[in-house]
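A.B. asks: Sharing a structure here in structure tokens format.
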Amino acid sequence: MKVEMIDVTVKELVEGYQDSEEEGVFGYAGQLDIRPPYQREFVYNDKQQQAVINTVMKGFPLNVMYWSKKDDGSYEIIDGQQRTLSICRYIDSVFSKEDKYFHNQPQDVREQILNYPLTIYVCEGTDSEKLDWFRTINIAGEKLTDQELRNAVYAGSWVTDAKRYFSKQRGPAYGLGASYMTGTPIRQDYLEKVLKWISEGKIEEYMARHQHDDTAEDLWMYFRDIIEWVESIFPKYYKEMEKVEWGLLYNKYKNRHYDAEVMKGRVKELMADEDVQAKKGIFPYLLDDSPKNIRHLNIRTFDKHTKRTVYEQQNGTCAKCGGRFKKDEMEADHIIPWSKGGKTVRENCQMLCKDCNREKSDK
3 MKVEMIDVTV KELVEGYQDS EEEGVFGYAG QLDIRPPYQR EFVYNDKQQQ
53 AVINTVMKGF PLNVMYWSKK DDGSYEIIDG QQRTLSICRY IDSVFSKEDK
103 YFHNQPQDVR EQILNYPLTI YVCEGTDSEK LDWFRTINIA GEKLTDQELR
153 NAVYAGSWVT DAKRYFSKQR GPAYGLGASY MTGTPIRQDY LEKVLKWISE
203 GKIEEYMARH QHDDTAEDLW MYFRDIIEWV ESIFPKYYKE MEKVEWGLLY
253 NKYKNRHYDA EVMKGRVKEL MADEDVQAKK GIFPYLLDDS PKNIRHLNIR
303 TFDKHTKRTV YEQQNGTCAK CGGRFKKDEM EADHIIPWSK GGKTVRENCQ
353 MLCKDCNREK SDK
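Using our numbering, the letters of the sequence shown correspond one by one to residues 3 to 365.
Written out as structure tokens, the structure reads:
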């Protein structure tokens, strides 16, 4: 990995600045790609933009920025995009500071701003070296997310097309599946989530394999299949569904048959069950309601008062083996299991020694 420091004035940075939906965002005489395909949209608000300009006008040091040198000798921004755009937009008179645009400033103030020096670190290296370096320096400003860092390393035609589907605030993925996702597209949350699903957690391996594919249509079709599958099984929407790892469930259960009407009734029943603490766990549980999967529901446990009362009623003996134990050597157990209709009430509680409780749980 090669890293060098260069000084760039604001005047040099903004030379040839352009912000075009079709052609991209460039500066530094066309040699700096300010918004590479993997980068987020501009997210600074007015106050943040003005703070950047205030720092420049007062001659205070602005945080170091990081560029990556490409094979053709040009550059792209890794960290510092928001600050760079704030500077370029002010010089371009897109916004004002204290009711003064750049072109309204006195000549000496304009010169002071244009001559302001920026400290840039430029890196060259392999993909793995860059990813490690990016993670190390990603400590200031609007930090890059893990997925944005991956996008930087595996930039190419595939990332560009994937962002078209998954990284726009009102884009296709948002329109289709926002109700089933957390996070925001603009910070790459949607893209990261779907990549996690399709790769079973091996995101970087998947991105490396597809880096130079012309399109990300396979990923988009996979996402569409997931949403269609979910809606066919659970036709009634619940807010808790946005926190479910639907892709992983789809990978595992997509070939099973489910009756949507039956599932609808069971969801309603479990949503009303006070013993079910984790409502989002209802959906993975119903896809495979074997005893081991009851853990998804986080069934309510007996409180301390109930356990103490039952322990005293049993005179400290295990309800199964009859042995005598201290209270902290025993565990509360449902006499009638929750899965068979038993509730978490004192009348359905018994104290078992830990060995007996384990033995019962394993059956």
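The C-beta atom is built at its ideal place from N, Cα and C for all residues, glycine as well.
Can you tell me whether V347 is helix, strand or coil according to DSSP?
C.D. replies: Three-state DSSP puts V347 in coil, outside helix and strand.
A.B. asks: Do the region 294-311 and the region 269-281 meet, that is, are 3 or more Cβ pairs less than 8 Å apart?
C.D. replies: Judged by Cβ distances under 8 Å, the region 294-311 makes contact with the region 269-281, as three or more pairs qualify.
A.B. asks: By Cβ distance, which residues of its chain are closer than 7 Å to D21, with the 5 residues on each side in sequence left out?
C.D. replies: Within the same chain, D21 has close Cβ partners V27.
A.B. asks: I need the DSSP call for D148, collapsed to helix, strand or coil.
C.D. replies: Helix, per DSSP.
A.B. asks: Between the region 118-132 and the region 57-68, do at least 3 Cβ pairs fall closer than 8 Å?
C.D. replies: Taking 8 Å as the limit for Cβ pairs, the verdict is that the region 57-68 does touch the region 118-132.
A.B. asks: Below 8 Å between beta carbons: does that hold for S341 and P293?
C.D. replies: Taking 8 Å as the Cβ cut-off, S341 and P293 qualify as a contacting pair.
A.B. asks: Taking contact to mean at least 3 C-beta pairs separated by less than 8 Å, is the region 207-225 in contact with the region 263-276?
C.D. replies: Result no; under three Cβ-Cβ pairs closer than 8 Å.
A.B. asks: Measuring only the C-alpha atoms, how far is S70 from Y46?
C.D. replies: Going from the Cα of S70 to the Cα of Y46 covers about 22 Å.
A.B. asks: How is G29 classed by DSSP in three states: helix, strand or coil?
C.D. replies: Of the three classes helix, strand and coil, the one that applies to G29 here is strand, per DSSP.
A.B. asks: Do you know offhand how far R348's Cα is from T308's?
C.D. replies: Taking the straight line from one Cα to the other gives about 6 Å.
A.B. asks: How many Å lie between Y239 and E263 at the Cα?
C.D. replies: The straight-line gap from Cα to Cα measures roughly 13 Å.
A.B. asks: Can at least three beta-carbon pairs, one atom from the region 153-165 and one from the region 214-232, be found at a separation below 8 Å?
C.D. replies: Counting Cβ pairs under 8 Å, three or more are found: they touch.
A.B. asks: Note down the Cα distance separating Y176 from S201, rounded to an integer number of angstroms.
C.D. replies: About 21 Å.
A.B. asks: Give the secondary structure of Y156 by DSSP, where H, G and I count as helix, E and B as strand, and everything else as coil.
C.D. replies: In this structure, Y156 counts as coil in the three-state DSSP scheme.
A.B. asks: For M7 and K132, what's the separation of their Cα atoms in angstroms?
C.D. replies: The alpha-carbon atoms of M7 and K132 are separated by roughly 16 Å.
A.B. asks: How about D335 and N359: do their beta carbons lie closer than 8 Å?
C.D. replies: Yes, the pair counts as a contact, with Cβ atoms nearer than the cut-off.
A.B. asks: Per DSSP, what kind of secondary structure is K72 in: helix, strand or coil?
C.D. replies: Residue state, collapsed to three classes: coil.
A.B. asks: Excluding sequence positions up to five away, which residues of its chain have a Cβ less than 8 Å from the Cβ of F327?
C.D. replies: Excluding positions up to five away in sequence, the list reads G318, T319, C320 and C355.
A.B. asks: Assuming L87 contacts I122 (C-beta within less than 8 Å), just tell me the rounded distance between them.
C.D. replies: With a Cβ gap of about 15 Å, L87 and I122 do not count as contacting.
A.B. asks: Using a Cβ-Cβ cut-off of 6 Å (strictly less than) and excluding sequence neighbours within five positions of D216, which residues of its own chain qualify?
C.D. replies: Contacts found: S159.
A.B. asks: Return the CA-CA distance between Y156 and Q83, expressed in angstroms with no decimal places.
C.D. replies: Whole-angstrom Cα-Cα distance: 18 Å.
A.B. asks: What residues match up with Y118 in a beta bridge as DSSP calls it?
C.D. replies: Y118 pairs with nothing; no bridge assigned.
A.B. asks: At which residues does the alpha helix (DSSP H) containing V196 begin and terminate?
C.D. replies: Its alpha helix (DSSP H) spans residues D191 to S201.
A.B. asks: Assign G249 to buried or exposed, taking buried as 16 or more other Cβ atoms, counted over all protein chains shown, within 10 Å of its Cβ.
C.D. replies: It counts as buried.
A.B. asks: What are the partner residues of K99, as DSSP defines its beta bridges?
C.D. replies: According to DSSP, K99 bridges with K102.
A.B. asks: So, is Q315 buried or exposed, given that buried needs 16 or more other C-beta atoms within 10 angstroms?
C.D. replies: Q315 should be labelled exposed.
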